[in-house]
Amino acid sequence: MWGWSAALRGAILAVPAVLVATRDVQLAAVLAIGVIPAACVPLPATRRARLRPAVLGALAAASLFVGSVLAESPPLAVVGIFVFAVVASRAAVGRPLGAVALSLCLPLVGVGLSLSSIAVGATLAAVVLGGSVYAFLVSQLWPSRPSSGTPASLASPGAASLRSFGYRAGLAGAICAGTGFALGLEHVGWATGAALLVMRPAPAVQQARSVGRIVDVVLGAALSIGLVTSGAPAGVVAAALGIAVICATATAGSRWYVVPAFTTFIVFVLLLSHAPDQAQERFWERVLETGFGIAVAALVGYWTLPRVRRPSSRRAG
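Following this line, the structure appears as structure tokens:
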């Protein structure tokens with residue numbers, strides 16, 4: 001689903017990154033990343049309700065920072081991811097904020113494990129927080145409209161299912177993080193984040209997100225590599241970053257899982273703008289680590305699900 005009003009909002013959100021890109025592509029990519037968490041939330045009907053995406057952006061910023069702190073101690077990171085998942089799954093039972101912690105904060109803590117230092121984590125968190133505030137101010141340009149009521153949604157998983165999912169998500173995140181640290185991977189958060197971003201209590205939803213994510217990552221990385229290695233002028237790179245932000249905003253309400261293509265594109269522009277010779281290495285690094293994370297999520301999710309449910313089935317019999 002494409003929204004033209006959302007695309008216009010995305011164009012305004014992209015202005016800082018586009019203006020900076022002609023002088024500093026890396027900084028422009030960071031600014032583009034900063035608005036993505038808030039931009040990826042469909043615009044609420046009322047101006048007051050539009051504070052919600054900004055709050056989600058602030059939570060995203062805090063989660064990335066927490067990940068960078070945990071990354072300083074690999075054992076703490078592995079245990080922390082597991083504990084966070086279990087606690088968040090219990091908090092998610094009947095609590096919207098708990099559900100946000102499980103579906104948004106937990107994966108972004110995993111992504112934060114890729115950040116090279118606490119200082120980098122604090123800087124990125126500050127940029128995301130600033131981008132969220134900017135997105136909130138931009139959202140106020142749109143008039144309030146009548147609310148269509150509570151949007152239809154799928155039934156929430158039961159308490160037992162959520163708690164079981166917390167253990168499975170925690171195990172998947174811990175395996176990916178532990179493997180990444182043990183192998184000395186530069187971006188431990190790529191596999192960890194991929195696993196936690198695709199995992200869902202419903203197997204069919206997880207399968208769809210898994211397929212969508214690997215396709216998005218390949219497509220976004222390939223397009224970014226093509227742009228950077230072609231020696232495109234700064235104006236073209238600026239326009240491409242702007243288009244990525246616009247597309248991420250305009251498709252925020254889509255039933256298709258396409259946002260990772262745009263975020264991957266932006267991240268690869270950030271990584272390769274000063275090192276285009278690393279394009280092939282970065283591509284395979286990202287694709288293989290994403291694939292590993294998705295595979296771990298599938299194995300942990302599908303392999304443990306019958307074992308989690310089996311005791312209750314015996315009691316029922």
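Everything in the sequence shown is counted per the working numbering, starting at 1 for the first residue and increasing by one.
C-beta atoms are modelled at their ideal positions from N, C-alpha and C, and glycine is treated no differently.
Taking 9 Å as the threshold (C-beta atoms), are residue j and residue i in contact?
i: Val218; j: Val287; result: yes
i: Ala191; j: Thr179; result: yes
i: Gln278; j: Leu270; result: no
i: Gly193; j: Val111; result: yes
i: Ala135; j: Leu13; result: yes
i: Ser210; j: Ala298; result: yes
i: Val228; j: Ser273; result: yes
i: Arg282; j: Phe268; result: yes
i: Glu289; j: Leu137; result: no
i: Ala28; j: Ala238; result: yes
i: Ile214; j: Gly291; result: yes
i: Ala195; j: Val35; result: no
i: Leu162; j: Val109; result: no
i: Tyr257; j: Ala208; result: yes
i: Ile266; j: Ile33; result: yes
i: Ala91; j: Ala234; result: no
Report all residues from its chain with a CB closer than 8 Å to the CB of residue i; omit the five preceding and five following residues, and keep chain order.
i: Ala122; result: Phe65 and Ser68
i: Leu56; result: Pro37, Ala38, Val41, Val100, Leu104 and Ser132
i: Val79; result: Ala174
i: Leu115; result: Leu64, Gly67, Ser68, Ala71, Gly121, Leu124 and Gly189
i: Arg52; result: Val41 and Pro44
i: Gly212; result: Trp256, Tyr257, Val258 and Pro260
i: Ile294; result: Ala194, Ala195, Val198, Ser210, Arg213 and Ile214
Residues in the same chain with beta-carbon distance under 6 Å from residue i, minus the five sequence neighbours each way, listed in chain order, please.
i: Leu124; result: Leu64
i: Gly166; result: Ala85, Val86 and Ser89
i: Leu197; result: Pro107
i: Arg200; result: Gln206
i: Pro16; result: Leu31
i: Thr264; result: Val217, Gly220 and Ala221
i: Leu223; result: Phe265
i: Val25; result: Val237 and Ser273
Which same chain residues, not among the five before or five after residue i, have their C-beta less than 7 Å away from its C-beta?
i: Leu76; result: Leu70
i: Ala58; result: Leu129 and Ser132
i: Arg315; result: Caution applies to Arg315, whose pLDDT of 41 falls short of 50 and renders its modelled position unreliable; the value that the coordinates give is listed next. Closer than 7 Å at Cβ, skipping near neighbours: no residue.
i: Gly317; result: Confidence is the limiting factor: at Gly317 the pLDDT is only 38, short of 50, which leaves the residue's position unreliable and the question unanswerable from this model.
i: Gly3; result: Ala250 and Gly253
i: Ala60; result: Pro37, Leu104, Leu108 and Val128
i: Phe262; result: Gly220, Ala244, Cys247 and Ala248
i: Pro74; result: Phe181
Would residue i be called buried (16 or more neighbouring beta carbons within 10 Å of its own) or exposed?
i: Ala319; result: Any answer about residue 319 is impossible in this case: the structure gives the chain only from 1 up to 317.
i: Met1; result: exposed
i: Arg23; result: exposed
i: Leu241; result: buried
i: Arg48; result: exposed
i: Ala244; result: buried
i: Ala119; result: exposed
i: Ala152; result: Only weak support is given to the placement of Ala152: the predicted model assigns it a pLDDT of 42, under 50, and the value that follows is read from those uncertain coordinates. By the 10 Å Cβ count, Ala152 comes out exposed.
i: Gly231; result: exposed
i: Arg95; result: exposed
i: Leu97; result: exposed
i: Ser164; result: buried
i: Leu19; result: exposed
Would you say the beta carbon of residue i comes nearer than 8 Å to a heavy atom of the ligand MN?
i: Ile243; result: As far as ligands go, the structure on display features none, and thus does not contain the ligand MN.
Looking at chain C, is there any beta carbon in it that lies within less than 9 Å of the beta carbon of residue i?
i: Phe84; result: Absent from the structure: chain C. Only one protein chain is present.
Using 8 Å as the cut-off, can you tell me whether the stretch 134-143 makes contact with the stretch 39-48, which would need three or more C-beta pairs spanning the two stretches below that distance? yes
Check whether the stretch 237-256 touches the stretch 158-174, counting contact only when three or more Cβ pairs, one atom from each stretch, lie closer than 8 Å. no
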